[in-house]
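Visitor: Take this structure first; my questions come after.
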């Protein structure tokens with residue numbers, strides 16, 4: 142699977158602009174990008190001197206622009222010898238956190254040793270292996286999140302009804318002045334064994350959802366408003382629910 146962010150950081154030259162090198166990035170193919178550059182009205186073709194196929198091409202472009210800033214001629218054009226540009230680009234890209242999948246361009250054979258190219262290939266294979274493992278983990282977490290969301294939507298209305306019935310007096314008498322965490326903790330003392338079981342199961346469900354990254358985007362299911370609160374854009378169990386968890390000897394979620 143190709144990384145959707147993957148693309149090329151390139152250095153190109155043009156015989157109509159001697160001494161100038163254009164440094165840019167593209168997520169398209171190099172041939173398509175060269176065709177686009179040709180359509181800008183330049184009389185001769187651009188030639189790829191060096192191109193790195195990397196995981197974050199825009200970052201790579203910025204790194205090279207910073208490295209060449211003293212030689213900037215105009216926007217993406219820089220005035221410096223090709224050899225110095227290639228050697229600088231090699232150093233900058235290889236010392237960055239970018240993953241280099243391959244190297245292209247006519248400067249490749251001239252300025253890269255076979256050992257350097259083998260090392261790039263070795264790193265690429267290692268990264269692809271890691272990417273595959275990470276994709277498998279993400280897929281498994283998404284499956285867990287979907288399954289636990291279904292469990293949450295079954296348990297939450299039951300817990301809500303229990304919670305509201307146990308805290309009705311405090312909420313009516315004290316309203317906005319109620320300390321919801323303490324109210325929930327007190328309510329835990331009056332729960333029957335069967336009612337406690339629902340809270341234990343919900344706690345486990347929320348814990349698995351949070352580890353799978355599925356709780357933050359859960360939203361508030363209908364008739365479950367007292368169970369979920371928001372801190373900015375992140376959702377979490379409400380103070381009332383966390384109070385019950387603490388009262389049952391369980392870890393609150395923050």
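In the working numbering, the protein residues as written are 142 to 395. A virtual CB, placed ideally from N, CA and C, is assigned to each residue, including glycine. On a predicted model such as this, the values are computed, not experimentally measured, just so you know.
(1) Distance, Cα to Cα, residue 147 vs residue 331?
(2) Mark residue 377 as exposed unless 16 or more other C-beta atoms lie within 10 angstroms of its C-beta, in which case mark it buried.
(3) Going by CA-CA distance only, name the one from 308, 185, 258 that's closest to residue 242.
(4) Using the Cα positions of residue 387 and residue 323, report the straight-line distance between them to the nearest angstrom.
(5) Around the C-beta of residue 278, are 16 or more other C-beta atoms found within 10 angstroms, so that it is buried, or is it exposed?
(6) Identify whether residue 317 lies in helix, strand or coil by the three-state DSSP scheme.
(7) For residue 151, count neighbouring Cβ atoms within 10 angstroms of its own Cβ and tell me buried if that reaches 16, exposed if not.
(8) Please list the terminal residues of the continuous beta strand (DSSP E) segment that includes residue 154.
(9) Please report the straight-line C-alpha distance between residue 166 and residue 199, rounded to a whole angstrom.
(10) Just tell me which of 308, 306, 298 has its CA closest to the CA of residue 339.
(11) If I measure Cβ to Cβ from residue 230 and keep anything under 7 angstroms in the same chain, skipping five residues before and after, which residues do I get?
(12) Compare the beta carbon distance of residue 195 and residue 239 with 8 angstroms and say whether it is the shorter of the two.
(13) So what does DSSP say about residue 368, is it helix, strand or coil?
(14) Taking the runs of the alpha helix (DSSP H) that are 4 residues or longer, which of them lie wholly in the stretch 205-280?
(15) Report back the beta-carbon spacing between residue 391 and residue 342 to the nearest angstrom; my notes put them in contact at under 8 angstroms.
(16) Which word fits residue 289, buried or exposed, when buried means at least 16 other C-beta atoms lie within 10 angstroms of its C-beta?
(17) In the DSSP assignment, find the beta strand (DSSP E) that holds residue 194 and state where it starts and stops.
(18) Can you tell me whether residue 160 is helix, strand or coil according to DSSP?
(19) Could you please give the first and the last residue of the uninterrupted beta strand (DSSP E) stretch that includes residue 375?
(20) Comparing C-alpha positions only, which one of 178, 187, 329 sits nearest to residue 159?
(21) Apply the 10 Å Cβ neighbour rule to residue 344 and answer buried if 16 or more other Cβ atoms are within range, or exposed otherwise.
(22) Does the Cβ of residue 180 have 16 or more other Cβ atoms within 10 Å, making it buried, or fewer, making it exposed?
Guide: Straight from the coordinates:
(1) The sequence position of residue 147 within the chain shown is 6, counting from 1. The sequence position of residue 331 within the chain shown is 190, counting from 1. Going by the C-alpha atoms only, they are around 57 angstroms apart.
(2) Translated into the one-based positions of the chain shown, residue 377 becomes position 236. That one is buried.
(3) As a working note, residue 242 is residue 101 in the chain shown. Selected option, being the one with the closest Cα: 258.
(4) For the purposes of this step, residue 387 is taken as residue 246 along the chain shown, with counting starting at 1. For the purposes of this step, residue 323 is taken as residue 182 along the chain shown, with counting starting at 1. The alpha-carbon atoms of residue 387 and residue 323 are separated by roughly 9 angstroms.
(5) To locate residue 278, count along the chain shown from 1; it is residue 137. Residue 278 is exposed by the Cβ-count criterion.
(6) Here the question's residue 317 lines up with position 176 in the chain shown. With a pLDDT of 48 at residue 317, under the threshold of 50, the modelled position of this residue cannot be trusted, and the question is left open.
(7) Walking along the chain shown from the start, residue 151 turns up at place 10. Result: buried.
(8) In the chain shown, the residue the question calls residue 154 occupies position 13. From DSSP, the beta strand (DSSP E) with residue 154 extends over 148-155.
(9) In the chain shown, residue 166 corresponds to position 25, counting from 1. In the chain shown, residue 199 corresponds to position 58, counting from 1. Between residue 166 and residue 199, the C-alpha separation is close to 6 angstroms.
(10) Along the chain shown, one-based indexing puts residue 339 at 198. Considering only alpha carbons, the answer is 298.
(11) Here the question's residue 230 lines up with position 89 in the chain shown. Cβ neighbours of residue 230 beyond the five flanking positions: 152, 191, 205.
(12) Here the question's residue 195 lines up with position 54 in the chain shown. Here the question's residue 239 lines up with position 98 in the chain shown. Their beta carbons are under 8 angstroms apart, which means residue 195 touches residue 239 by this criterion.
(13) Along the chain shown, read from residue 1 onward, the residue named residue 368 stands at position 227. In this structure, residue 368 counts as coil in the three-state DSSP scheme.
(14) 223-235, 249-252
(15) Position 250 of the chain shown, counting from 1, holds the residue named residue 391. Position 201 of the chain shown, counting from 1, holds the residue named residue 342. So it is not a contact: roughly 11 angstroms between Cβ atoms.
(16) Against the chain shown, residue 289 aligns to sequence position 148. Counting Cβ neighbours within 10 Å, residue 289 comes out buried, since at least 16 surround it.
(17) Taking the chain shown and counting its residues from 1, one reaches residue 194 at position 53. Its beta strand (DSSP E) spans residues 187-195.
(18) Translated into positions along the chain shown, residue 160 becomes position 19. Residue state, collapsed to three classes: coil.
(19) Here residue 375 is taken as the residue at index 234 of the chain shown, counted from 1. Looking at the DSSP string, the run of the beta strand (DSSP E) that includes residue 375 is 375-378.
(20) Mapped onto the chain shown, residue 159 falls at position 18. Residue 159 has its Cα closest to that of 187, out of 178, 187, 329.
(21) In the chain shown, residue 344 corresponds to position 203, counting from 1. That one is buried.
(22) The residue labelled residue 180 in the question sits at position 39 within the chain shown. Exposed is the call here.
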